[in-house]
Ligand SMILES: Cc1ncc(COP(=O)(O)O)c(C=O)c1O
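In the numbering used here, the protein residues as written are 29 to 343.
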């Protein structure tokens with residue numbers, strides 16, 4: 029089951045200098061939620077909603093596109109086609125407008141209408157909506173089906189299987205965290221969707237200091253509401269996912285992730301998306317077991333519109 033939302037006809041290009049603003053996000057110290065921890069334990073969140081397009085996904089999207097152009101796979105009128113739960117789509121759509129190529133995105137129909145609006149109306153991408161009951165796996169399958177019928181028409185970055193996804197994080201996210209903490213980071217905690225953030229940042233950080241411990245946060249349930257994250261046991265496992273890269277996995281129930289989103293707003297004054305709530309639940313579990321350490325987690329986006337639309341906040 030799918031239908032198509034047409035992109036509006038007007039296309040104005042964005043300035044190329046916008047691409048240089050991808051990355052370089054702030055590291056925010058969480059001061060209130062962490063009050064009960066041992067005095068030498070600190071948690072910081074990488075504020076990825078400061079990225080172009082409002083999410084962590086600008087980093088891998090840019091790298092996969094740059095490498096696609098370098099390898100001659102994107103260009104000569106080709107359309108960028110990929111499946112996404114939203115954030116990568118926004119990033120592709122912005123970069124497409126900057127560099128002047130068309131973008132078609134397969135997304136689960138239940139992705140919030142605000143995000144669909146950003147991709148289609150603001151950035152001109154064409155949306156193909158997949159069965160909401162099949163979640164991100166339905167979008168992956170449909171994108172592959174469309175690609176297979178017409179491979180010459182498309183460049184499919186395939187963020188789940190493209191090593192440039194995790195390499196973007198190894199070369200930018202990890203480097204920034206290392207520099208921003210002055211090399212003091214002891215633990216890294218991140219949610220897994222494509223797993224690019226965790227795979228790349230962990231590899232980068234462990235190359236600086238192999239003693240840094242890394243934790244993967246995944247939804248506790250197969251049917252969950254933590255947008256952007258994947259329950260690996262019951263999903264199509266991304267080709268770039270390698271469980272030997274990190275040290276431990278932490279499972280977070282949807283409800284705990286949602287409650288933490290509200291606590292982050294009320295106690296830290298920051299509005300973040302659901303996967304950030306789950307990531308902080310994981311970071312707190314790690315923090316509560318140690319007496320000393322600098323824990324870094326990633327807040328992938330600030331999907332305030334989703335949270336409000338889903339009734340998690342009274343505004
Ligand atoms: C909101 C959100 N959080 C977390 C993730 C997971 O990041 P990664 O795909 O790098 O594992 C994604 C990925 O799409 C996302 O959109």
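Virtual Cβ for every residue (Gly too), placed ideally from N, Cα, C.
Using the beta-carbon count (16 or more within 10 Å), is residue i buried or exposed?
i, result
"residue 157", "buried"
"residue 143", "buried"
"residue 339", "For residue 339, the predicted structure reports a pLDDT of 43, less than 50, and the residue's modelled location is therefore unreliable. A value from the coordinates is still provided. Burial call: exposed."
"residue 330", "buried"
"residue 110", "buried"
"residue 301", "buried"
"residue 60", "exposed"
"residue 51", "buried"
"residue 328", "buried"
"residue 250", "exposed"
"residue 181", "exposed"
"residue 263", "buried"
"residue 64", "exposed"
"residue 234", "buried"
"residue 105", "exposed"
"residue 237", "exposed"
"residue 304", "buried"
"residue 326", "buried"
"residue 360", "No information on residue 360 is available, as it lies outside the stretch 29 to 343 that the chain covers here."
"residue 186", "buried"
Reducing DSSP to helix, strand and coil, say where residue i ends up.
i, result
"residue 269", "coil"
"residue 284", "helix"
"residue 365", "Missing from the structure shown is residue 365; the chain here goes from 29 to 343 and no further."
"residue 246", "strand"
"residue 139", "coil"
"residue 294", "helix"
"residue 331", "coil"
"residue 127", "helix"
"residue 122", "helix"
"residue 263", "coil"
"residue 67", "coil"
"residue 289", "helix"
"residue 42", "coil"
"residue 181", "helix"
"residue 303", "helix"
"residue 60", "coil"
"residue 258", "coil"
"residue 145", "helix"
"residue 239", "coil"
"residue 251", "coil"
According to DSSP, what are the bridge partners of residue i?
i, result
"residue 47", "Bridge partners of residue 47: none, in fact."
"residue 325", "73, 217"
"residue 159", "The partner list for residue 159 (beta bridge, DSSP) is empty, contrary to what the question assumes."
"residue 278", "245"
"residue 102", "Beta-bridge pairing links residue 102 to no other residue."
"residue 320", "68"
"residue 132", "109, 154"
"residue 83", "329"
Counting along the chain, where does the beta strand (DSSP E) carrying residue i start and finish?
i, result
"residue 93", "Here residue 93 belongs to no beta strand (DSSP E); instead the alpha helix (DSSP H) covers 86-98."
"residue 109", "107-111"
Start and end of the alpha helix (DSSP H) containing residue i?
i, result
"residue 168", "163-177"
"residue 226", "224-236"
"residue 56", "Counting along the chain, residue 56 falls outside any alpha helix (DSSP H), though it belongs to the beta strand (DSSP E) covering 55-57."
"residue 205", "202-208"
"residue 196", "191-196"
Output yes if chain D places a C-beta closer than 8 Å to the C-beta of residue i; else output no.
i, result
"residue 131", "You won't find chain D in this structure, because it holds only one protein chain."
* To do: With ligand 1 as the reference, list in chain order each residue whose Cβ lies under 5 Å from any of its heavy atoms.
  => Those residues that bring their Cβ nearer than 5 Å to a heavy atom of ligand 1 are 115, 219, 220, 221, 222, 223, 224, 225, 256, 301, 303, 328, 329.
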